[in-house]
Amino acid sequence: MRVAVLGAGVIGLSTALCLHQQYHSLLPSLQLEVYADHYTPNTTSDGAAGLWQPYVSDQGDLQETLWNKETFDHLLGLLCSPAAQDMGLFLISGYNLFTQPVPDPSWKNIVLGFRNLTPKELELFPGYSYGWFNTALMLECRSYLPWLTNKLMQRGVKFFHKKVESFQEVSLDGVEVVINCTGMRAGELQPDPELQPGRGQIIKVLAPWVKHFIITHSAQSGIYNSPYIIPGSEFTVLGGINQRGNWSEENSAQDHKTIWESCCRLLPALQEAKVVQEWSGLRPTRPRVRLERETVAHGHLQAELPATLPQACRVIHNYGHGGFGITIHWGCAMAAARLFGSILQEKKLARPRQPRL
Amino acid sequence: MAAPKVAVVGAGVVGLSTALCILEACPSCSVAVLSEQFSPNTTSDVAAGMLIPHTCPGTPIHVQKQWFKETFTYLFGICNSAEASEAGIHLVSGWQIFKNTPKEESPFWSDVVLGFRPMSEAELQKFPQHRFGQAFTTLKCDCPPYLLWLEKRLKAAGVQMHTRKVSDLWELHREYNIVVNCAGIGAHQLVGDEQLFPIRGQVLKVHAPWVKNFIRDGDGSTYIYPGIHRVTLGGTREKHNWSLSPHPGTTKDIFDRCCSLEPSLQGAQDVKVKVGLRPSRQSVRLNREVLSQGAVKLLVVHNYGHGAGGFSIHRGTAQEAARLVGECIAALQGSSSRAKL
Numbered sequence: 005m006r007v008a009v010l011g012a013g014v015i016g017l018s019t020a021l022c023l024h025q026q027y028h029s030l031l032p033s034l035q036l037e038v039y040a041d042h043y044t045p046n047t048t049s050d051g052a053a054g055l056w057q058p059y060v061s062d063q064g065d066l067q068e069t070l071w072n073k074e075t076f077d078h079l080l081g082l083l084c085s086p087a088a089q090d091m092g093l094f095l096i097s098g099y100n101l102f103t104q105p106v107p108d109p110s111w112k113n114i115v116l117g118f119r120n121l122t123p124k125e126l127e128l129f130p131g132y133s134y135g136w137f138n139t140a141l142m143l144e145c146r147s148y149l150p151w152l153t154n155k156l157m158q159r160g161v162k163f164f165h166k167k168v169e170s171f172q173e174v175s176l177d178g179v180e181v182v183i184n185c186t187g188m189r190a191g192e193l194q195p196d197p198e199l200q201p202g203r204g205q206i207i208k209v210l211a212p213w214v215k216h217f218i219i220t221h222s223a224q225s226g227i228y229n230s231p232y233i234i235p236g237s238e239f240t241v242l243g244g245i246n247q248r249g250n251w252s253e254e255n256s257a258q259d260h261k262t263i264w265e266s267c268c269r270l271l272p273a274l275q276e277a278k279v280v281q282e283w284s285g286l287r288p289t290r291p292r293v294r295l296e297r298e299t300v301a302h303g304h305l306q307a308e309l310p311a312t313l314p315q316a317c318r319v320i321h322n323y324g325h326g327g328f329g330i331t332i333h334w335g336c337a338m339a340a341a342r343l344f345g346s347i348l349q350e351k352k353l354a355r356p357r358q359p360r361l
Numbered sequence: 004m005a006a007p008k009v010a011v012v013g014a015g016v017v018g019l020s021t022a023l024c025i026l027e028a029c030p031s032c033s034v035a036v037l038s039e040q041f042s043p044n045t046t047s048d049v050a051a052g053m054l055i056p057h058t059c060p061g062t063p064i065h066v067q068k069q070w071f072k073e074t075f076t077y078l079f080g081i082c083n084s085a086e087a088s089e090a091g092i093h094l095v096s097g098w099q100i101f102k103n104t105p106k107e108e109s110p111f112w113s114d115v116v117l118g119f120r121p122m123s124e125a126e127l128q129k130f131p132q133h134r135f136g137q138a139f140t141t142l143k144c145d146c147p148p149y150l151l152w153l154e155k156r157l158k159a160a161g162v163q164m165h166t167r168k169v170s171d172l173w174e175l176h177r178e179y180n181i182v183v184n185c186a187g188i189g190a191h192q193l194v195g196d197e198q199l200f201p202i203r204g205q206v207l208k209v210h211a212p213w214v215k216n217f218i219r220d221g222d223g224s225t226y227i228y229p230g231i232h233r234v235t236l237g238g239t240r241e242k243h244n245w246s247l248s249p250h251p252g253t254t255k256d257i258f259d260r261c262c263s264l265e266p267s268l269q270g271a272q273d274v275k276v277k278v279g280l281r282p283s284r285q286s287v288r289l290n291r292e293v294l295s296q297g298a299v300k301l302l303v304v305h306n307y308g309h310g311a312g313g314f315s316i317h318r319g320t321a322q323e324a325a326r327l328v329g330e331c332i333a334a335l336q337g338s339s340s341r342a343k344l
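Protein chains in written order, with this note's numbering: chain H, 5 to 361; chain D, 4 to 344.
Structure representation (structure tokens):
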């Protein structure tokens, strides 16, 4: 049974691994294939700093909170294993800063040691009068994606350097299930007005004395449109840009200035930091993650086609993770795997009965 | 009388910070630093430079707390400024963990460091052999950067640095009016202080930049302190051991103990082994003394014996020493005006 995963960012590769781990022994005919035109280090995921942290105010979406928790717990469990270093996984503590008191986030009991900032700590951050401290995780994609890739290759998963133009293209070729992890460009496969770019720009610097993440928040500016500083294992990421509707992946001089000045105001010692790289990318932003099944017949896009139609292509959508893809990825991969399981169930029912001899 | 000539003996964290405090208190003083060793070869360079005090049996707690608070406040100010990275001062958060719950759950310094609180159950799960812990944020002084930054400020203020082994304080009486003895473990030989003894510490400095939090076993024997470029893994506390040579068996032992607290250290690279002798004493010797031969006097201020807690209290003791130097200057000026009568 051929299954195609479209997209090789954190969502595509982790979903592929989760699927293979759960079903390859149940389904010996499972043949998993990954299709993407961009691989690490050129995916959107590679640009992210890698901090596990959901948005600070959820729209009351308990499902996403659960997926976030599943991801955190899964990663925490791997922390003491030898794989952690290869995965780019480590603990990190830090600060979330606000200009006024805010309700505690949905993830306060998921992370470790969550608490409010003391007055003395707030002295470190003039202009901010309220904040949180907690210990969370970093998962650096420049290590994690190659690690996932290796795991998949060891399992015999095939990789294709190709931009798939339609579900039809792969289904006509014999693929029975497509896992759509195309992130920002999912709209090219199937129009989705809810999917919008949240353009980000970051500056990577050398600032090894910074040991904490510092994320500021502004109700007016919106999430990640306010300065943040995230130290990685080698570089520190400076950011604070989130422009809705901006499709440009070119670095902007104005945005560079905004990031640099606001981060240096937050941490004056950053003035001595050496700039190593600049990068822009598009957060695949959506009111909710699209994680659902669809049956697509050739040329027709209908959600309600009979499942018994053998030539129909089953699609599992898993895209629209905005600025929290790394944070939620494993929970979504498991949910996608469950949807795959339900497809297998239906296919068993659809198989014609063998005549008894 | 002409500007008093002050010699500070010792160029570790205590000597350099004392010289700086003397200058701040008495800008007209002529100050020189004399030392056999300068950074990166001082005892201070071996230490991780963490601001976590060690309780000193002979000093009242309120004094230790005062010194720690002054040091923490001073470094906190640098940490917040543009000079933080050059001075090697940075914040670091982490955990102090205990196999057995300590008698006092909150040490005297718990309200000086930031965000001090007991660890949660979830946090303790990372350390299955430990049943209690404290989480907090404190400061770290990375050496050599901190010492080099102090040296730079001293030189900018006209302080001369001399590489010189002083065998006897009296040998300085012709060139200087006041000598400040910050010789650390060297004071054992320099002034024959039998109460001063080494507590040998071996450490590893490794490349493991993904380690962002400190971990310290509350019994003081095992610790992981992430610095700017290297993580310090420790350690040992060997009383009366004067050997400065690294011991390979000890290296493996330290590494194993640290890996059991932080398994990812297995991937650490470029392990460098260092040894330092903590200048240990019942209490810091912080007092004045007058050395004389006939009519000739040499005023001495002692500031040594900080043991394992040098970084934690260096600025506080330096300011106290500078105050004592001020008393010496007043005494000199008093006797010189008496001489005029």
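Glycine included, every Cβ here is placed at the ideal spot set by N, Cα and C.
For D/Arg120, the C-beta contacts it makes with chain H under 9 angstroms involve Gly117, Arg119, in order along the chain.
Inclusion of H/His321 and H/Arg292 in the CB contact set at 8 angstroms is not warranted, their separation being larger than that value. Runs of beta strand (DSSP E) with 3 or more residues, each lying fully within the segment 161–232 of chain D, are found at 163–166, 181–184, 200–210, 217–220, 226–229, listed in chain order. Interface annotation, H/Cys84: in contact with chain D, CB-CB separation under 8 angstroms. Proximity of D/Lys215 to chain H, defined by a Cβ-Cβ separation below 8 angstroms, is satisfied. Counting C-beta atoms within 10 angstroms of its own C-beta, D/Asp145 has 16 or more neighbours from the protein chains shown and is therefore classed as buried.
D/Thr58 counts as exposed, since fewer than 16 other beta carbons sit within 10 angstroms of its beta carbon. Only those residues of the segment 183–217 of chain H whose C-beta falls short of 8 angstroms from the nearest C-beta of chain D are listed: Ala211, Pro212, Trp213, Val214, Lys215, His216. Taking each of H/Glu37, H/Leu286, H/Ala140 in turn and checking the Cα distance to H/Leu199, the smallest one comes out for H/Leu286. Neighbours of H/Ser237 in chain D, taken as residues at a C-beta separation under 8 angstroms, are given in chain order as Pro212, Trp213. For the segment 231–254 of chain D, the set of positions with a beta-carbon nearer than 7 angstroms to some beta-carbon of chain H reads Ile231, His232 in chain order. Between H/Ala87 and chain D, the shortest Cβ-Cβ separation is not below 8 angstroms. The Cβ atoms of D/Glu73 and D/Pro148 lie no closer than 8 angstroms to each other. Per DSSP, the beta bridge partners of H/Asn184 are H/Leu10, H/His321.
According to the DSSP secondary-structure assignment, D/Asn290 is paired through a beta bridge with D/His305.
Among the CB atoms of chain H, none fall inside 8 angstroms of the CB of D/Glu27. Contact annotation: H/Ser225 and H/Glu254 have beta-carbon atoms that are not nearer than 8 angstroms. Cβ neighbours of H/Ser133 within its own chain (closer than 7 angstroms, five residues either side excluded): Thr103, Gln104, Leu126. For D/Cys146, DSSP records no beta bridge to any residue. Around D/Gly270, the beta-carbon contacts reaching into chain H at under 7 angstroms are Gln89. Taking 8 angstroms as the upper bound for CB-CB distance, D/Val182 and D/Leu172 are in contact here, some 5 angstroms apart. Where H/Met157 is concerned, the enclosing alpha helix (DSSP H) starts and stops at 145–158.
In the three-state DSSP reduction, D/Asp259 falls in the helix class (H, G or I).
If you compare the alpha carbons of H/Gly92, H/Ser33, H/Ser85, H/Asp65 with that of H/Gly54, the shortest gap goes to H/Gly92. For H/Phe102, there are no C-beta contacts with chain D under 9 angstroms, since the nearest C-beta of that chain is about 17 angstroms from it. For H/Gly92, the three-state secondary structure derived from DSSP is coil.
Interface residue (Cβ-Cβ distance to chain H less than 8 angstroms): D/His165 is not classified as such. With 16 or more other Cβ atoms from the protein chains shown falling within 10 Å of its own Cβ, D/Ser20 counts as buried. DSSP, read as helix, strand or coil, puts H/His42 in coil. When DSSP states are grouped into helix, strand and coil, H/Trp334 belongs to the helix group.
In terms of beta-carbon proximity, H/Ile96 lines the interface with chain D, with at least one pair separated by less than 8 angstroms.
Excluding residues up to 5 positions away in sequence, Lys8, Val9, Ala10 lie with their Cβ nearer than 7 angstroms to the Cβ of D/Tyr179 in the same chain.
Taken in chain order, the whole alpha helix (DSSP H) runs of length 4 or more contained in the segment 54–142 of chain D are 64–82, 87–90, 124–127.
Bridge partners of H/Leu101 according to DSSP: H/Gly135, H/Thr220.
Exposure of H/Asn120 is indicated by the presence of fewer than 16 other C-beta atoms within 10 angstroms of its C-beta. For H/Asn72, the enclosing alpha helix (DSSP H) stretches over residues 66–82.
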